[in-house]
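Sequential numbering of the sequence shown, starting at 1, is according to full-length UniProt numbering.
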Amino acid sequence: MKTFLLQFFTWWNSQTLGTRFHTWRHGKQVGQDEAGNVYYEGGVDSEGRTRRWVIYRDYSEASAIPPGWHGWIHHRVDTAPPSEDYRPREWQKPHQPNLTGSAAAYRPKGSVLTNQHRPQVTGDYDAWTPGS
């Protein structure tokens with residue numbers, strides 16, 4: 001019942017009822033990423049391409065899509081990541097969604113959200129004034 005109410009009244013929790021119905025009627029599951037997001041394709045968009053969409057595991061957050069799936073969903077590549085033999089290089093880090101607004105967000109020295117003090121100004125900056 002809770003899932004139904006969330007899908008009926010919110011758009012940011014996984015999927016809406018309309019998306020669920022559209023996926024049931026037209027969607028063919030293509031794959032799933034390591035975060036639990038499920039990718040579908042089916043039907044044709046206004047440009048004649050196959051329509052592609054994602055059902056997020058939790059909140060609808062576009063930065064939660066890994067790079068390989070991002071290229072597929074935006075029609076940059078034709079083959080979905082499960083269909084190709086992709087191995088990340090040893091220097092590549094695992095995908096991490098945008099952390100802005102979370103406790104893990106980057107906060108530099110001097111930010112009001114940290115307990116660190118702002119670095120001292122060195123005085124090597126001269127402000128520009130017109131006519132100088």
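Built from N, CA and C at the ideal position, the CB exists for glycine as well.
On a predicted model such as this, the values are computed, not experimentally measured, just so you know.
Closest option to residue 103, judged by alpha-carbon separation, among 94, 96 and 113: 113. In this structure, the beta-carbon distance from residue 98 to residue 63 falls below 8 angstroms. Note on geometry: alpha-carbon atoms of residue 107 and residue 94 lie some 21 angstroms from one another. The beta-carbon distance between residue 40 and residue 27, rounded to whole angstroms, is 4 angstroms. This is short enough to meet the 8 angstroms contact definition. In the three-state reduction of the DSSP assignment, residue 50 falls in the strand class. Taken atom to atom, the span from the alpha-carbon of residue 88 to that of residue 55 is near 24 angstroms. Assigned with DSSP and collapsed to three states, residue 101 falls in coil, not helix or strand. Residue 24 and residue 81 have their C-alpha atoms some 23 angstroms from each other. A direct Cα-Cα distance of roughly 41 angstroms separates residue 18 from residue 91.
Scanning 57, 123 and 132 for the CA closest to the CA of residue 35 turns up 57. CA-to-CA, the gap between residue 96 and residue 67 works out to about 10 angstroms. When the Cα atoms are used, residue 21 and residue 15 turn out to be separated by approximately 10 angstroms.
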